[in-house]
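Novice: Before we start, here is the structure in question, set down as structure tokens.
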Amino acid sequence: MPAVTRFFIKTSFVYLIAALLVGAILAANVLWQLGDLLRGVTPLYLHMFMVGWVTQLIFGVVFWMFPRHTPEEPRGSELLGWLSYGLLNVGLLLRVVGEPLTAKQPETLWGWLLVVSAVFQWGAGLCFFINTWPRVKPGPRHRRRKA
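In our numbering, the protein residues as written are 12 to 158.
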């Protein structure tokens with residue numbers, strides 16, 4: 012298993028546990044009405060769950076398991092794999108910081124953290140796309156036969 016795959020998968024597990032913890036805190040809020048303390052946490056919970064766990068797990072498994080690109084670079088560009096990992100996780104961490112701050116003080120510049128976060132995550136998706144697209148090939152049963 013390539014190192015970038017291990018990092019994607021292990022980091023996805025960290026986000027899974029963190030998202031479940033945030034979900035438990037949100038459930039506690041329903042019982043004990045913690046009020047403004049948790050403003051902005053619901054979008055953060057969803058983002059940690061879907062991007063932090065699900066997307067990151069998918070990125071790691073795809074990098075590892077998809078058909079070979081070339082014999083020289085079987086998984087495509089390892090640099091793009093690491094760049095995707097770095098951009099995705101920096102973007103996620105900016106979101107973890109920026110979401111609650113922006114919810115508490117919407118008139119401040121904290122909202123720019125969310126913009127930068129989105130740009131980083133978009134860049135991660137673009138790197139993943141560029142690296143993975145050539146690996147999506149028809150199987151032997153679907154290739155055209157030469158006449």
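Built from N, CA and C at the ideal position, the CB exists for glycine as well. Small disclaimer: the values here were computed from a predicted structure and weren't measured.
Measure from the alpha carbon of Gly97 to the alpha carbon of each residue in Leu137, His80, Val126 and Ala30, then state which is nearest.
Specialist: Walking along the sequence shown from the start, residue 97 turns up at place 86. Checked all of Leu137, His80, Val126 and Ala30; the closest Cα to Gly97 is Leu137.
Novice: Skipping 5 residues on each side, what residues in its chain have a beta carbon closer than 7 Å to that of Val62?
Specialist: Taking the first residue of the sequence shown as position 1, residue 62 is located at position 51. Result list for Val62: Leu103 and Gln132, in chain order.
Novice: Measuring alpha carbon to alpha carbon, tell me which residue in Arg17, Val65 and Pro13 is nearest Leu31.
Specialist: Residue mapping note: residue 31 aligns to position 20 of the sequence shown, counting from 1. Checking every option, the nearest Cα to that of Leu31 belongs to Val65.
Novice: In the DSSP assignment, find the unbroken alpha helix (DSSP H) run with Ser128 in it and report its ends.
Specialist: Position 117 of the sequence shown, counted from the first residue, corresponds to residue 128. Its alpha helix (DSSP H) spans residues Gly122 to Thr143.
Novice: How big is the Cα-Cα spacing for Phe77 and Phe19?
Specialist: As a first step, residue 77 is located in the sequence shown; it is residue number 66 there, counting from the start. As a first step, residue 19 is located in the sequence shown; it is residue number 8 there, counting from the start. Each residue's Cα considered, the two are about 15 Å apart.
Novice: Consider the Cβ of Ala135: report whether some Cβ of chain B lies at a distance smaller than 7 Å.
Specialist: Chain labels in this structure do not include chain B; a single protein chain is all it has.
Novice: Just to check my reading of the structure: Val55 and Val33 have Cβ atoms closer than 8 Å, yes? What is that Cβ distance to the nearest angstrom?
Specialist: Mapped onto the sequence shown, residue 55 falls at position 44. Mapped onto the sequence shown, residue 33 falls at position 22. Per the sequence shown, the amino acid found at residue 55 is Leu instead of Val. Right, the Cβ-Cβ distance comes to about 7 Å (below 8 Å), so this counts as a contact.
Novice: Quick check on this structure: which residue in Gly109, Thr16 and Arg79 has the alpha carbon closest to the alpha carbon of Val72?
Specialist: Locating residue 72 in the sequence shown gives position 61, where the first residue counts as 1. Per the Cα distances, Thr16.
Novice: Could you check if Ala135 is buried or exposed, using at least 16 other CB atoms within 10 Å of its CB as the buried criterion?
Specialist: One-based indexing of the sequence shown puts residue 135 at position 124. Result: buried.
Novice: Taking the beta carbon of Thr143 as the centre, do at least 16 other beta carbons fall within 10 Å, making it buried, or is it exposed?
Specialist: Here residue 143 is taken as the residue at index 132 of the sequence shown, counted from 1. So Thr143 counts as buried.
Novice: Return the first residue and the last residue of the alpha helix (DSSP H) that Ser95 is part of.
Specialist: Here the question's residue 95 lines up with position 84 in the sequence shown. It spans Glu89 to Lys115 - the alpha helix (DSSP H) in which Ser95 sits, taken as one unbroken run.
Novice: Are the CB atoms of Gln67 and Ser95 within a distance shorter than 7 Å?
Specialist: Numbered from its first residue, the sequence shown carries residue 95 at position 84. Numbered from its first residue, the sequence shown carries residue 67 at position 56. Result no, Cβ atoms of Ser95 and Gln67 do not sit closer than 7 Å.
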